[in-house]
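Novice: The structure is given below, and queries will be raised subsequently.
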Ligand SMILES: [Zn+2]
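Residue numbers (our numbering): 55 to 340.
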């Protein structure tokens with residue numbers, strides 16, 4: 055299979071759902087190695103431990119930063135997490151994570167971290183804009199808010215997380231975001247629909263095809279299903295390479311020009327059984 059670069063994955067645990075779900079860096083590396091994913095942009099999990107508030111968020115951010123520092127070829131970029139309830143303290147932590155730890159922006163998840171993708175994120179986005187960084191945003195009903203951010207903060211690169219999980223989000227993203235140059239998209243959790251109106255070729259036709267990227271949404275989803283969708287799609291090899299790794303390589307190099315995609319074998323620090331990596335209920339990893 056062609057190499058895949060993952061622009062959407064999470065390290066840590068989501069404890070605000072039952073049962074909790076999560077992955078360590080090592081377990082994710084095992085999943086990468088077993089599925090042909092050669093590199094990734096790391097994010098923390100949303101819904102992580104919050105018993106100690108922003109100090110817990112800092113611990114999550116530091117875990118991402120440590121992985122990026124330990125494996126810079128595999129994890130060239132890392133993102134911080136933000137919780138709307140942390141307000142100014144959260145903005146300070148984001149600035150610290152970017153300046154001290156080398157993270158390049160943030161990931162946020164509206165449902166799990168209290169955001170509406172409105173003005174409450176402007177102070178966080180200003181910090182990222184100062185460094186011309188990157189934000190991975192999960193949608194809050196519509197992508198209209200992300201389009202508004204992208205116009206307001208033109209120096210930030212935005213990734214819309216899982217842009218085509220269903221027909222509604224697929225159509226909405228095409229309507230709102232197709233022509234905005236600093237909006238990129240990932241296809242995490244995209245199913246293979248029976249209707250061609252929201253199949254992968256239609257998505258490539260509706261959005262800027264050279265900004266559509268693979269995302270795993272690990273540890274929540276059996277992302278091999280999305281790789282299979284790409285491999286089986288009725289599109290040419292160049293388009294498949296673009297989704298699998300071409301667009302992501304371009305995005306990463308726009309922030310880190312010296313980075314080269316790794317070509318050697320990936321050796322995870324621990325051997326995991328197939329069941330430990332891929333036990334699932336439907337497409338949902340356990
Ligand atoms: Zn996600």
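We treat Cβ as the ideally placed atom computed from N, Cα and C, and that holds for glycine.
Checking the sheet assignment: what are the DSSP bridge partners for residue 196?
Specialist: Residue 196 pairs with 194.
Novice: Using only Cβ atoms and a threshold of 6 Å, which residues come within that distance of a heavy atom of ligand 1? Order them by chain position.
Specialist: Output, sorted by chain position: 62, 64, 192, 215 and 271.
Novice: Taking C-alpha atoms, which residue in 267, 187, 222 and 113 lies nearest to residue 252?
Specialist: Comparing Cα-Cα distances from residue 252 to each of 267, 187, 222 and 113, the minimum goes to 222.
Novice: Just tell me which of 187, 215 and 144 has its CA closest to the CA of residue 196.
Specialist: The candidate whose alpha carbon is nearest that of residue 196 is 215.
Novice: Going by alpha carbons, who is nearest to residue 91 out of 63, 58, 115 and 104?
Specialist: Nearest option by C-alpha distance: 58.
Novice: Taking residue 244 as the reference, which of 187, 144 and 279 has the closest Cα?
Specialist: With distances taken between Cα atoms, residue 244 lies closest to 279.
Novice: Counting pairs of beta carbons, one from the region 151 to 167 and one from the region 181 to 199, are three or more of them closer than 8 Å?
Specialist: Because the criterion of three Cβ pairs below 8 Å is met, the region 151 to 167 and the region 181 to 199 touch.
Novice: Buried or exposed for residue 226, going by 16 or more other Cβ atoms inside 10 Å?
Specialist: Flag for residue 226 reads buried.
Novice: Quick check on the DSSP output: the beta strand (DSSP E) that includes residue 169 runs from which residue to which?
Specialist: Note, residue 169: premise wrong, no beta strand (DSSP E); not H, not E.
Novice: Would you check if the distance between the CB atom of residue 269 and the CB atom of residue 61 is smaller than 7 Å?
Specialist: Yes, the Cβ-Cβ distance between residue 269 and residue 61 is below 7 Å.
Novice: When DSSP builds the beta bridges, which residues end up paired with residue 122?
Specialist: According to DSSP, which records beta bridges pairwise, residue 122 is partnered with nothing at all.
Novice: Please report the residue range of the alpha helix (DSSP H) in which residue 223 lies.
Specialist: First-last of the alpha helix (DSSP H) with residue 223: 221 to 231.
Novice: Could you check where the alpha helix (DSSP H) with residue 181 kicks off and where it finishes?
Specialist: Looking at the DSSP string, the run of the alpha helix (DSSP H) that includes residue 181 is 176 to 184.
Novice: Just the C-alpha distance for residue 67 and residue 136, rounded to the nearest angstrom, thanks.
Specialist: Near 15 Å, if we compare the C-alpha coordinates of residue 136 and residue 67.
Novice: Please report how far the alpha carbon of residue 282 lies from the alpha carbon of residue 114, in whole angstroms.
Specialist: Using only the alpha carbons, I get a separation of about 31 Å.
Novice: So the candidates are 260, 304 and 186; which of them puts its Cα closest to the Cα of residue 209?
Specialist: With distances taken between Cα atoms, residue 209 lies closest to 186.
Novice: Report back the beta-carbon spacing between residue 148 and residue 181 to the nearest angstrom; my notes put them in contact at under 8 Å.
Specialist: Their Cβ separation, rounded to whole angstroms, is 5 Å, which keeps residue 148 and residue 181 in contact under 8 Å.
Novice: Since residue 146 is in the alpha helix (DSSP H), which residue starts that stretch and which ends it?
Specialist: Taken as a continuous stretch (DSSP letters only), the alpha helix (DSSP H) holding residue 146 covers 141 to 154.
Novice: What is the DSSP secondary structure of residue 213, reduced to helix, strand or coil?
Specialist: In this structure, residue 213 counts as strand in the three-state DSSP scheme.
Novice: Which residue comes first and which comes last in the alpha helix (DSSP H) that contains residue 306?
Specialist: Residues 301 to 309.
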